[in-house]
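Visitor: Numbering (this note's numbering), first residue to last: 215 to 430.
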């Protein structure tokens, strides 16, 4: 069983975008549980079409189990871990909440997206805070996880330069290949149509992008 965490100390950077597309890819590989830890519950709504009715709501859509967890309860207390091959956590932005989730879930891989619409805030201002939090936790959990910064519409070289200048970061930290600037079609797919981007005509190739991020 592998645990993937999508997080960043900035809103609107693509955490839910990564989480739901990861779920779509991994559902073809095994049993997937997507845990929505964000009060906005966008990942939950992507699959169900409505907001959750309680703090820990559960549903199954498109072959994926979805659970809300706004209280950020440890996943070991929420579910039987052996029931799933993959668990994906969609996280909110507060640093203290990130700490709580990391310690309660022991993720194998942490993905930190940076969307072009939040380029300066996500990279110049808040990326260092997020990376420092993860680095400081390495001695307190079953670590170290892989940490990947995912540029969405930003050149990888730009992110790599910023990463080099951050003094305190996780021991396994890298920048992925960048996705093209697809903010408008991605918004249409996820928030208007509740579909994966590769289901839109002309964007079928993007499924391989998410597969490559997960290395499955």
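Cβ atoms here follow ideal geometry from the backbone N, Cα and C, with glycine treated the same way.
Kindly indicate the opening and closing residues of the alpha helix (DSSP H) around residue 392.
Guide: Careful: residue 392 lies outside any alpha helix (DSSP H) and carries neither H nor E.
Visitor: Can you grab the Cα-Cα spacing for the pair residue 367 / residue 408, in whole Å?
Guide: One C-alpha to the other measures close to 21 Å.
Visitor: Return the Cβ separation of residue 363 and residue 319 in integer angstroms, given the expectation that the two are a contact with Cβ distance under 8 Å.
Guide: Wrong, their Cβ atoms sit about 19 Å apart, outside the cutoff.
Visitor: Between residue 280 and residue 296, is the Cβ-Cβ spacing less than 9 Å?
Guide: Contact flag unset, no.
Visitor: Whose CA, out of 255, 316, 221, lies closest to the CA of residue 353?
Guide: The shortest Cα separation from residue 353 among 255, 316, 221 belongs to 316.
Visitor: Going by C-alpha to C-alpha distance, which of 345, 404, 218 sits closest to residue 247?
Guide: Closest option to residue 247, Cα to Cα, is 218.
Visitor: Ignore the nearest five residues each way along the sequence and tell me which others in residue 269's own chain have a CB closer than 7 Å to its CB.
Guide: Counting only Cβ-Cβ distances below 7 Å, and skipping sequence neighbours, we find 282, 284, 285.
Visitor: Look at the Cβ atom of residue 226, then the Cβ atom of residue 329, and state whether they are nearer than 9 Å.
Guide: It is a contact, given that the beta carbons lie within the stated cut-off.
Visitor: Would you check if the stretch 379-397 and the stretch 341-351 touch, i.e. whether three or more CB-CB distances between them fall below 8 Å?
Guide: The stretch 341-351, when compared against the stretch 379-397, does touch it at the 8 Å Cβ threshold.
Visitor: Determine, using beta carbons only, whether residue 241 and residue 276 come nearer to each other than 9 Å.
Guide: Yes; because the gap between Cβ atoms is below 9 Å, this pair is in contact.
Visitor: Cα separation between residue 356 and residue 337?
Guide: In a straight line, the C-alpha of residue 356 is about 27 Å away from that of residue 337.
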